[in-house]
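Notes follow once the structure below has been shown.
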Amino acid sequence: MAKELTEQHKKFLEVLFTEAGGDITTAKNLAGFSRGYSTRLLTNHLKEEIIEATQLYIAMNAPRAAVAMVGGINSPTELGIKDKLNAAKDLLDRAGFVKTDKVQVESSGGVMILPAKEKQIDD
């Protein structure tokens, strides 16, 4: 069953990755929660929604990471390119675009699999 969210909860999730820049306390304040409202209580209540919003944010930025990686090919001498490429790689890994390793299997001899022997019943 889906959790019912208040307007403040919705606003918190809305501003978390925009105006608040990912800062939970700032997002809490921007959403109109009182300064005394427990940040831990809020994050515990919205844990699954925060995780879902984070995954969406990463997915939304995956194309920028891909463009940065290809840009590294075009400008390999750009200042700080190694750090930029590492960050792009990490983001793409978290978005589900992982490097694939191909394994080639070769065999010099064949294996033959025979059907199981049937038991004979003696008379």
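Okay, so the sequence shown: first residue is 51 according to the numbering used here, each after it adds one. Glycine included, each C-beta is placed from N, C-alpha and C at the ideal position.
- Inclusion of Leu63 and Ala109 in the CB contact set at 8 Å is not warranted, their separation being larger than that value.
- Inter-residue distance for Asp151 and Asp143 is about 14 Å (C-alpha atoms, whole angstroms).
- By the Cβ criterion, the stretch 113-121 is not in contact with the stretch 58-72, since fewer than three pairs of Cβ atoms, one from each stretch, lie closer than 8 Å.
- Met119 carries a helical assignment under DSSP once its states are collapsed to helix, strand and coil.
- DSSP places Leu135 inside the alpha helix (DSSP H), whose first and last residues are 131-144.
- Annotation for Leu55: no alpha helix (DSSP H) segment contains it, and DSSP assigns it neither H nor E.
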